Structure formats: structure tokens, C-alpha cells
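Numbering (our numbering) for the sequence shown: 4 to 164.
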Amino acid sequence: MYAKPHVHSSVGLEEVGLKSADVRGVHIHWNLNPAELYEHAVRNGEAEITKDGAIRVLTGQYTGRSPKDKYFVEQSPSKEKIWWGNINQPCTADLFDHMHNKVLDHLSHARDLYVHDAFCGWDERYRLPIRVISEVAYHALFSWNMFVRATPQEQSAHVPQ
């Protein structure tokens, strides 16, 4: 079921492997704005509003990013261009497929999915259209702040890579 009719691309979640039957009963929220994401985060118990009006999220035990958890499928042409080492680690296509299927299974059992279509990179000549799918509103809010926002016209024509 889709939440409010926000603008979104004709490219659905099927493109990443989430078929309509897989997400039956999951509330899918497309391209919510920050105010809506704040409301969802508070209502879902993910965050609270401080006395100064900022959103506060407690992330638990794991508060930072894990720089050693970056894996790339070792294939051409990127194989020759990635600086391999402790940070950028190779994985096989089979391992990627296995992990991708685990993620799809996990997402298909979520209560809510937040979909954010945006761009990575400011220069229009080089930017990449991306789609961030998360199960918590504050991750979608982070995505809203982190990536270049698509206009409603760009969202309707958005084809994420």
C-alpha cells in the first residue's frame, strides 16, 4: 500500500527485486519531505524532538560508521579503477547476490519503507541518479540532507542506477 501520493518515478521497487507481492502490507512512503520524516520518526519511536526543536536519535551501541565494511564486486571495468585494500575490499558476484537476497527478504517484512530518489554529485554532467530505501524515517531524513534533492519533475523521470 502506498502512503500519500507523493511524486515518484515510474521505476518502481521491482527494479531492485521487491515485487508488489513481496511487500504486501508494507507501507511505502515515497519522497517525504523533512517535516513528514520528523513526524514519522517521532511517531515511530525512532527519535524525539529536543527543547530547541532539533531531532535527536539514539542509535544504540553502534554509533559510528564501519569503514572496513565496504565491499565491491570485483569485476571490470571497476576492478581496475578501485584502490583495493583494508577499506575497499573485493567480493564475488555470488556473495553480492546472496547478501542482496537477504536484504530483500528483510525489507519485505518491514512495517514501513521510506524511498528517497535523489542524486549523488552536484554537477549535472557527472551526477548519478540514486534511490535510498530504508525502513526507518530518520535514515530517510539523513538521505534527504546528504544527497542532492530532485525536483518533482526530476523525480517523475528518475531512473536510479
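Each residue gets a CB set at the ideal place from its N, CA and C atoms; glycine is no exception.
None of the values given here were measured: they were computed from a predicted structure.
query: What number of angstroms, rounded off, separates the C-alpha of D61 from the C-alpha of C123?; result: Note that residue 61 is Leu in the sequence shown, not Asp. Whole-angstrom Cα-Cα distance: 27 Å.
query: Runs of 4 residues minimum, wholly inside the segment 82-162: which ones carry the alpha helix (DSSP H) assignment?; result: 96-111, 140-149, 155-159
query: For the segment 26-42 and the segment 135-152, state whether three or more C-beta atom pairs, one from each stretch, are separated by less than 8 Å.; result: yes
query: I'd like the list of long-range same chain contacts for E157, defined as Cβ closer than 6 Å, with 5 residues on each side in sequence excluded.; result: none
query: Within 10 Å of its beta-carbon, does Y117 have 16 or more other beta-carbons around it, so buried, or fewer, so exposed?; result: buried
query: According to DSSP, is E18 helix, strand or coil?; result: helix
query: Does the Cβ of H103 have 16 or more other Cβ atoms within 10 Å, making it buried, or fewer, making it exposed?; result: exposed
query: What is the C-beta distance between V106 and V14, in whole angstroms, given that I count them as a contact (C-beta under 8 Å)?; result: Not confirmed; about 18 Å, so no contact.
query: If you drop the 5 nearest sequence neighbours on each side, which residues of the same chain put their C-beta closer than 6 Å to that of F99?; result: V76
query: If you reduce the DSSP assignment to three classes, tell me which class Y65 lands in.; result: coil
query: With a Cβ-Cβ cutoff of 9 Å, do S12 and D108 count as a contact?; result: no
query: Report the rounded CA-to-CA distance for D97 versus Y74, giving the unit in angstroms.; result: 13 Å
query: Compute the beta-carbon to beta-carbon distance between R59 and T66, rounded to the nearest angstrom, for a pair I have assumed lies under 8 Å.; result: So it is not a contact: roughly 13 Å between Cβ atoms.
query: How would you label Y41, buried or exposed, when you count the other beta carbons within 10 angstroms and need 16 or more for buried?; result: buried
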